[in-house]
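J.:
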Amino acid sequence: MRYPAVAGQFYPAERKELEIMLNELFIHPIGPGSVPSLIPDGKRKIKGGVVPHAGYMFSGPVAAHFYHALALDGFPESFIIIGPNHYGVGSGVAIALEDFLTPFGKVKVDRELAKDIAKGVIDIDGYAHRYEHSIEVQLPFLQFFKKEIKFVPITMLLQDYEIAIEVGEIIKEAIVDKDVVIIASSDFSHYVPKNKAYTNDYMAIERIVNGDVKGLYDVIYKHNITMCGYGPVAAMLTAIGGKTTLLKYATSGDIQPMNEVVGYAAIKVEK
Numbered sequence: 046m047r048y049p050a051v052a053g054q055f056y057p058a059e060r061k062e063l064e065i066m067l068n069e070l071f072i073h074p075i076g077p078g079s080v081p082s083l084i085p086d087g088k089r090k091i092k093g094g095v096v097p098h099a100g101y102m103f104s105g106p107v108a109a110h111f112y113h114a115l116a117l118d119g120f121p122e123s124f125i126i127i128g129p130n131h132y133g134v135g136s137g138v139a140i141a142l143e144d145f146l147t148p149f150g151k152v153k154v155d156r157e158l159a160k161d162i163a164k165g166v167i168d169i170d171g172y173a174h175r176y177e178h179s180i181e182v183q184l185p186f187l188q189f190f191k192k193e194i195k196f197v198p199i200t201m202l203l204q205d206y207e208i209a210i211e212v213g214e215i216i217k218e219a220i221v222d223k224d225v226v227i228i229a230s231s232d233f234s235h236y237v238p239k240n241k242a243y244t245n246d247y248m249a250i251e252r253i254v255n256g257d258v259k260g261l262y263d264v265i266y267k268h269n270i271t272m273c274g275y276g277p278v279a280a281m282l283t284a285i286g287g288k289t290t291l292l293k294y295a296t297s298g299d300i301q302p303m304n305e306v307v308g309y310a311a312i313k314v315e316k
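Just so we're aligned, residue 46 is where the sequence shown starts under the numbering used here, counting upward by one.
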């Protein structure tokens with residue numbers, strides 16, 4: 046079992062408090078404005094997305110936009126969640142096979158799919174996931190709508206272009222004829238003035254919306270955009286392609302006044 050690393054810090058550790066907070070995130074002024082009900086037999090157009098992973102107080106209302114759209118679209122048979130490895134431990138690209146525990150209960154790893162993906166640059170290494178929050182914080186949002194879900198967690202310590210493309214191609218091959226949604230967990234600019242965050246992040250978002258993976262890397266390097274999960278985003282886009290739409294962008298400074306902010310975007314990718 047992989048036990049929570051940031052419960053009580055990034056989100057409430059108590060089940061009831063977590064449920065209350067998630068409801069509040071959906072109706073927050075920066076959130077989507079309503080708490081949707083999961084449509085069991087939805088149209089299932091969503092194939093992937095980009096979702097932030099900071100503390101719920103700051104990034105949660107933006108993240109809620111993606112999960113609002115996903116609930117109305119219907120849940121897939123399995124999820125793949127790819128996040129950056131912030132802590133520099135474990136393999137360069139790592140899958141965990143241990144089930145994850147949250148205040149809402151256990152989230153099962155889709156071991157069959159995980160083992161299909163664990164090849165090439167992708168190792169099986171639970172240690173790489175022990176302290177990482179970028180995947181963990183997505184799970185309560187999913188469990189809020191459906192208790193029984195399956196997923197494959199992948200952390201990326203190595204995020205260079207060639208690695209991201211390889212990860213994306215491996216996933217693409219593994220999910221042929223499977224009902225899967227791939228979530229790329231990423232925040233955008235970190236600790237910059239609000240106007241700079243908006244300017245830089247929209248340059249990156251434009252490349253993502255256009256499906257331009259190489260262009261995303263070029264603009265990040267050229268403008269020194271401190272986006273932490275560009276590798277997961279590139280891998281997700283490589284694996285699925287499709288029509289990409291920005292649902293919401295905001296910064297921590299839109300939640301609470303501060304001199305330096307972090308940028309957050311919710312983006313969906315459809316068939």
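All C-beta atoms, glycine included, are put in the ideal place defined by N, C-alpha and C.
Is G213 buried or exposed, if buried means 16 or more other CB atoms sit within 10 Å of its CB?
T.: Stepping through the sequence shown from its first residue, residue 213 is reached at position 168. Buried: at least 16 other Cβ atoms inside 10 Å.
J.: Using a Cβ-Cβ cut-off of 8 Å (strictly less than) and excluding sequence neighbours within five positions of I75, which residues of its own chain qualify?
T.: Position 30 of the sequence shown, counting from 1, holds the residue named residue 75. Answer for I75: P106, V107, K293, A295, D299, I300, listed in chain order.
J.: Between P185 and the rest of its own chain, which residues show a CB-CB distance below 8 Å, the 5 nearest in sequence each way excluded?
T.: Walking along the sequence shown from the start, residue 185 turns up at place 140. Result list for P185: Y56, L63, L67, T147, P148, F149, in chain order.
J.: Contact defined as beta carbons within less than 8 Å: I believe I264 pairs with A249. What is the distance between those atoms, to the nearest angstrom?
T.: Position 219 of the sequence shown holds residue 264. Position 204 of the sequence shown holds residue 249. It should be pointed out that residue 264 corresponds to Val in this sequence rather than to Ile. Right, the Cβ-Cβ distance comes to about 6 Å (below 8 Å), so this counts as a contact.
J.: Taking only the alpha-carbon atoms, compute the straight-line gap between L188 and R60 and give it to the nearest angstrom.
T.: As a working mapping, residue 188 is identified with position 143 in the sequence shown. As a working mapping, residue 60 is identified with position 15 in the sequence shown. In the sequence as presented, Leu is not what sits at residue 188; that position holds Gln. So the two alpha carbons sit approximately 11 Å from each other.
J.: In angstroms with no decimal places, state the Cα-to-Cα distance between Y247 and I215.
T.: Taking the first residue of the sequence shown as position 1, residue 247 is located at position 202. Taking the first residue of the sequence shown as position 1, residue 215 is located at position 170. Going from the Cα of Y247 to the Cα of I215 covers about 29 Å.
J.: If we call anything under 7 Å between Cβ atoms a contact, is S136 one with L158?
T.: Start at 1 with the first residue of the sequence shown, and residue 136 comes out as number 91. Start at 1 with the first residue of the sequence shown, and residue 158 comes out as number 113. Cβ atoms of S136 and L158: not closer than 7 Å.
J.: For a minimum of 3 consecutive residues, which ranges assigned as the beta strand (DSSP E) are wholly contained in the region 184–262?
T.: 195–201, 225–230, 235–237
J.: Roughly how far, in whole angstroms, is the beta-carbon of F111 from the beta-carbon of A311, given that I think they are within contact range, below 8 Å?
T.: Taking the sequence shown and counting its residues from 1, the one referred to as residue 111 is at position 66. Taking the sequence shown and counting its residues from 1, the one referred to as residue 311 is at position 266. Rounded, the Cβ-Cβ distance is 4 Å, consistent with contact.
J.: Throw me the rounded Cβ distance for the A139 and H98 pair, which I believe falls under 8 Å.
T.: Taking the first residue of the sequence shown as 1, we reach residue 139 at position 94. Taking the first residue of the sequence shown as 1, we reach residue 98 at position 53. Going by Cβ atoms, the distance from A139 to H98 rounds to 17 Å, so no, they are not a contact pair.
J.: Starting from L291, follow the beta strand (DSSP E) in both directions and report where the run begins and ends.
T.: As a position in the sequence shown, residue 291 is number 246, starting the count at 1. 288–296 is the extent of the beta strand (DSSP E) around L291.
J.: On a Cα-Cα basis, can you pick out the residue from S82, G87, G94 that is closest to G228?
T.: Here residue 228 refers to the residue found at position 183 when the sequence shown is read from its first residue. Per the sequence shown, the amino acid found at residue 228 is Ile instead of Gly. Closest by alpha carbon: G94.
J.: Would A284 and V258 be called neighbours here (beta carbons separated by less than 7 Å)?
T.: Indexing the sequence shown from 1 puts residue 284 at position 239. Indexing the sequence shown from 1 puts residue 258 at position 213. No; because the gap between Cβ atoms is not below 7 Å, this pair is not in contact.
J.: Are A116 and L83 close, meaning C-beta to C-beta below 7 Å?
T.: Residue numbering aside, residue 116 sits at position 71 when the sequence shown is read from its first letter. Residue numbering aside, residue 83 sits at position 38 when the sequence shown is read from its first letter. Yes, they are a contact pair.
J.: Hey, how far is the Cα of G78 from the Cα of K90?
T.: The residue you call residue 78 lines up with position 33 of the sequence shown. The residue you call residue 90 lines up with position 45 of the sequence shown. G78 and K90 have their C-alpha atoms roughly 22 Å apart.
J.: Report the CB separation of V134 from D232 in whole angstroms; it is logged as a contact under 8 Å.
T.: Translated into positions along the sequence shown, residue 134 becomes position 89. Translated into positions along the sequence shown, residue 232 becomes position 187. Wrong, their Cβ atoms sit about 20 Å apart, outside the cutoff.
J.: From E218 to D161, what does the alpha carbon distance come to, in whole angstroms?
T.: Counting from one through the sequence shown, the residue named residue 218 turns up at place 173. Counting from one through the sequence shown, the residue named residue 161 turns up at place 116. Their backbone Cα atoms lie some 9 Å apart in a straight line.
J.: Pop quiz: I72 and P277 are said to be a contact at Cβ under 8 Å. What is the actual Cβ separation, rounded to whole angstroms?
T.: Residue 72 sits at position 27 when you count from the first residue of the sequence shown. Residue 277 sits at position 232 when you count from the first residue of the sequence shown. Approximately 28 Å separates the beta-carbon atoms of I72 and P277; this is outside 8 Å, ruling out the contact.
J.: Determine the DSSP secondary structure at G133, reduced to helix, strand or coil.
T.: Looking up residue 133 in the sequence shown gives position 88. Residue state, collapsed to three classes: coil.
J.: Compare the C-alpha of I199 against each of A209, K288, Y236, A109 and name the closest.
T.: In the sequence shown, counting from the first residue as 1, residue 199 sits at position 154. Minimum Cα distance to I199 is reached at A209.
J.: For Q183 and Y48, I'd like the C-alpha separation in whole angstroms.
T.: Here residue 183 corresponds to residue number 138 of the sequence shown, with the count starting at 1. Here residue 48 corresponds to residue number 3 of the sequence shown, with the count starting at 1. When the Cα atoms are used, Q183 and Y48 turn out to be separated by approximately 14 Å.
J.: Near K164, what residues of its chain come up, given a Cβ to Cβ distance below 8 Å and the 5 sequence neighbours on each side ignored?
T.: On the sequence shown, residue 164 is found 119 positions in, with the first residue counted as 1. Answer for K164: I215, listed in chain order.
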